[in-house]
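Novice: So the protein sequences, as listed, match chains A and B. Throughout the first sequence, residue numbering follows this note's numbering, covering 1 to 138 in sequence. Throughout the second sequence, residue numbering follows this note's numbering, covering 1 to 138 in sequence. For every residue, glycine included, the Cβ atom is placed at its ideal position computed from N, Cα and C. The structure's right below; bear with me while I get my questions together.
Protein chains: 2
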Amino acid sequence: MAYPDFIAPDSPEPTLVAEWRDLLARHAATACALDRELGEQHDLGMSEFEVLERLAEGHVAGEGQRLQELAPTVHLSQSALSRLIGRLEKAGLVERSMCADDRRGIYVALTEAGCRRYQEAKPLHREVLARMLATPAK
Amino acid sequence: MAYPDFIAPDSPEPTLVAEWRDLLARHAATACALDRELGEQHDLGMSEFEVLERLAEGHVAGEGQRLQELAPTVHLSQSALSRLIGRLEKAGLVERSMCADDRRGIYVALTEAGCRRYQEAKPLHREVLARMLATPAK
DNA sequence: ACTCATTAAATGCGTGGGCATCTGCTAGCC
DNA sequence: GGCTAGCAGATGCCCACGCATTTAATGAGT
Chain A
1 MAYPDFIAPD
11 SPEPTLVAEW
21 RDLLARHAAT
31 ACALDRELGE
41 QHDLGMSEFE
51 VLERLAEGHV
61 AGEGQRLQEL
71 APTVHLSQSA
81 LSRLIGRLEK
91 AGLVERSMCA
101 DDRRGIYVAL
111 TEAGCRRYQE
121 AKPLHREVLA
131 RMLATPAK
Chain B
1 MAYPDFIAPD
11 SPEPTLVAEW
21 RDLLARHAAT
31 ACALDRELGE
41 QHDLGMSEFE
51 VLERLAEGHV
61 AGEGQRLQEL
71 APTVHLSQSA
81 LSRLIGRLEK
91 AGLVERSMCA
101 DDRRGIYVAL
111 TEAGCRRYQE
121 AKPLHREVLA
131 RMLATPAK
């Protein structure tokens, strides 16, 4: 038996489910708020912002990041990310550039406008997080 | 100033972002695993299972639940839930029934098959939760 | 050097979700 | 009673996502 005698065999399960429901609720509320507010005020979706942020973080060093390394960090499939980058590119916020050493791959980098847009949206993003993650009875 | 002197003014922000990223990662991983495994083994999506579970929980008392009270608990819009119920109904897992006192509304209730399907899927659901929520450095 | 398995990214296709709207019903007001 | 405001749920529309496939380039084996 995996559990000590004084804990009923099914005891951890409610905890697990409760934890999952809490996670779901937080995620739904926060993601929804982010999507709506970022969308209204900065014309960015939640995922768009997340991608801009990762690009901004990696901006200091080289001039861009490979699509493939980006995908897992934003929890998006390769195809979804490809299209998302397409949208950002069409909006002038990022640039795709070939990399000479492996001509299959591409580098993605923020443009001036992309960097500006990210900086503009960041305060609202943080504000929403602060509002939504104010842990009520965590 | 909202923060004591020995904490830099921007100190809480990284915490907030880190918390949010952790939430995102957990949610993505768990939701993805649930969707895939429940789908493969029981032909149920994550949301479908969640709805069945709420219906099962409310099953003891009256014969069904109103669509409207169901929607917020599964973090779905009214329209999404309406379609989801439609899918479950087509699969024979739930039944829609008019309620006499307010003929605008409907009650949704599990069928025999729905109850069975839920019971069958439940262990896998818990197993996936246990596997994915095993808090790594929470 | 040529072939073939593999990899990076793009694209076709189907699906579930949200918003706006529509339909049918209820309830308050005259 | 008839009229209008408001509500429950269904539906049209569009969009973002994932899966499967395609296209192009690499690199290992011969």
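What does Glu23 of chain B touch in chain A if you count any residue whose Cβ is under 9 angstroms from its own?
Specialist: Translated into positions along the second sequence, residue 23 of chain B becomes position 23. For the sequence presented, residue 23 of chain B should be read as Leu rather than Glu. The answer, in chain order, is Leu23, Arg26, His27, Thr30, Leu133.
Novice: Put Arg116 of chain A into one of helix, strand or coil per three-state DSSP.
Specialist: Against the first sequence, residue 116 of chain A aligns to sequence position 116. Residue state, collapsed to three classes: helix.
Novice: Identify the contact partners of Ala130 of chain B in chain A, using a Cβ-Cβ distance below 7 angstroms as the criterion.
Specialist: Position 130 of the second sequence holds residue 130 of chain B. Result: Leu16.
Novice: Between the beta-carbon of Ala31 of chain A and the beta-carbon of Met46 of chain A, is there less than 8 angstroms?
Specialist: Here residue 31 of chain A is taken as the residue at index 31 of the first sequence, counted from 1. Here residue 46 of chain A is taken as the residue at index 46 of the first sequence, counted from 1. Result yes, Cβ atoms of Ala31 of chain A and Met46 of chain A sit closer than 8 angstroms.
Novice: Just to confirm before moving on: does the CB-CB distance between Leu52 of chain B and Arg126 of chain B stay below 8 angstroms?
Specialist: As a working note, residue 52 of chain B is residue 52 in the second sequence. As a working note, residue 126 of chain B is residue 126 in the second sequence. Their beta carbons are not under 8 angstroms apart, which means Leu52 of chain B does not touch Arg126 of chain B by this criterion.
Novice: Would you say Arg116 of chain A lies against chain B (beta-carbon separation less than 8 angstroms)?
Specialist: Locating residue 116 of chain A in the first sequence gives position 116, counting from the first residue. Arg116 of chain A does not count as touching chain B.
Novice: Roughly how many angstroms lie between the CA atoms of Glu112 of chain B and His42 of chain A, to the nearest whole one?
Specialist: Numbered from 1 along the second sequence, position 112 holds the residue referred to as residue 112 of chain B. Numbered from 1 along the first sequence, position 42 holds the residue referred to as residue 42 of chain A. Approximately 49 angstroms, taken between the alpha carbons.
Novice: In the DSSP output, what is Gln65 of chain B paired with across the bridge?
Specialist: What you label residue 65 of chain B is simply residue 65 of the second sequence in a count that begins at 1. BP columns for Gln65 of chain B point to B:Val108.
Novice: According to DSSP, which residues form a beta bridge with Met98 of chain A?
Specialist: Counting from 1 along the first sequence, the entry for residue 98 of chain A is found at position 98. BP columns for Met98 of chain A point to A:Ile106.
Novice: With the cut-off set at 8 angstroms, would you say Leu129 of chain B and Val17 of chain A are in Cβ contact?
Specialist: As a position in the second sequence, residue 129 of chain B is number 129, starting the count at 1. As a position in the first sequence, residue 17 of chain A is number 17, starting the count at 1. It is a contact, given that the beta carbons lie within the stated cut-off.
Novice: Residues of the segment 50-69 of chain B with a CB closer than 7 angstroms to any CB of chain A: list them in chain order, please.
Specialist: Within the segment 50-69 of chain B, no residue has a Cβ that lies closer than 7 angstroms to any Cβ of chain A.
Novice: State yes or no: is the beta carbon of Glu48 of chain A nearer than 8 angstroms to at least one beta carbon in chain B?
Specialist: Here residue 48 of chain A corresponds to residue number 48 of the first sequence, with the count starting at 1. Output row for Glu48 of chain A: interface = no.
Novice: Got a sec: is the Cβ-Cβ distance from Glu127 of chain A to anything in chain B below 8 angstroms?
Specialist: Translated into positions along the first sequence, residue 127 of chain A becomes position 127. Glu127 of chain A does not count as touching chain B.
Novice: With a cut-off of 8 angstroms on the beta carbons, I'd call Leu93 of chain B and Glu37 of chain B a contact; round off their distance for me.
Specialist: Residue numbering aside, residue 93 of chain B sits at position 93 when the second sequence is read from its first letter. Residue numbering aside, residue 37 of chain B sits at position 37 when the second sequence is read from its first letter. Actually they do not touch by this definition, with Cβ atoms about 18 angstroms apart.
Novice: Can you name the residues of chain B whose CB is closer than 9 angstroms to the CB of Glu40 of chain A?
Specialist: Sequence index remark: in the first sequence, residue 40 of chain A carries index 40 (1-based). What Glu40 of chain A touches in chain B: nothing, since even the nearest Cβ is about 18 angstroms away.
Novice: Here's the rule: buried if 16 or more other CB atoms are within 10 angstroms of the residue's CB, otherwise exposed. What is Gln65 of chain B?
Specialist: For the purposes of this step, residue 65 of chain B is taken as residue 65 along the second sequence, with counting starting at 1. Buried, since its Cβ has 16 or more Cβ neighbours within 10 Å.
Novice: Measure how close the beta-carbons of Ala121 of chain A and Phe49 of chain A come, nearest whole angstrom, since I'm counting them as under 8 angstroms.
Specialist: For the purposes of this step, residue 121 of chain A is taken as the residue at position 121 of the first sequence. For the purposes of this step, residue 49 of chain A is taken as the residue at position 49 of the first sequence. The Cβ separation is near 6 angstroms, so the contact holds.
Novice: For Arg104 of chain A versus Thr73 of chain A, is the C-beta spacing smaller than 8 angstroms?
Specialist: For the purposes of this step, residue 104 of chain A is taken as the residue at position 104 of the first sequence. For the purposes of this step, residue 73 of chain A is taken as the residue at position 73 of the first sequence. No, they are not a contact pair.
Novice: His75 of chain A by DSSP, collapsed to three states: which one?
Specialist: In the first sequence, residue 75 of chain A corresponds to position 75, counting from 1. In the structure shown, His75 of chain A sits in coil (DSSP, three-state: anything other than H, G, I, E or B).
Novice: Would you kindly report the start and end of the unbroken alpha helix (DSSP H) that includes Ala91 of chain A?
Specialist: Translated into positions along the first sequence, residue 91 of chain A becomes position 91. Note, Ala91 of chain A: premise wrong, no alpha helix (DSSP H); not H, not E.
Novice: Taking only beta-carbon positions, decide if Glu37 of chain A is within less than 8 angstroms of chain B.
Specialist: Mapped onto the first sequence, residue 37 of chain A falls at position 37. Taking Cβ atoms only, chain B never reaches closer than 8 angstroms to Glu37 of chain A, which makes this a no.
Novice: Taking just the CA atoms, how far does Ile85 of chain A sit from Ala71 of chain A?
Specialist: As a first step, residue 71 of chain A is located in the first sequence; it is residue number 71 there, counting from the start. As a first step, residue 85 of chain A is located in the first sequence; it is residue number 85 there, counting from the start. Whole-angstrom Cα-Cα distance: 11 angstroms.
Novice: Which first and last residues belong to the alpha helix (DSSP H) in which Ala56 of chain B is found?
Specialist: Locating residue 56 of chain B in the second sequence gives position 56, counting from the first residue. Its alpha helix (DSSP H) spans residues 46-57.
Novice: Helix, strand or coil for Ala134 of chain B? Go by DSSP, reduced to three states.
Specialist: If you number the second sequence from 1, residue 134 of chain B lands on position 134. Ala134 of chain B: coil per DSSP, three-state reduction.
Novice: Since Glu120 of chain B meets chain A, which of its residues come closer than 7 angstroms, beta carbon to beta carbon?
Specialist: Taking the second sequence and counting its residues from 1, the one referred to as residue 120 of chain B is at position 120. Chain A residues near Glu120 of chain B: none, gap ~16 angstroms exceeds 7 angstroms.
Novice: For Met132 of chain B, which of B:Asp35, B:Trp20, B:Leu88 has the nearest alpha-carbon?
Specialist: Within the second sequence, numbered from 1, the residue matching residue 132 of chain B stands at position 132. Of the candidates B:Asp35, B:Trp20, B:Leu88, the one whose C-alpha sits nearest the C-alpha of Met132 of chain B is B:Asp35.
Novice: Mind checking whether the beta-carbon of Ala100 of chain A lies closer than 7 angstroms to any heavy atom of the ligand FAD?
Specialist: Absence of the ligand FAD is noted for the structure shown, with no ligands found whatsoever.
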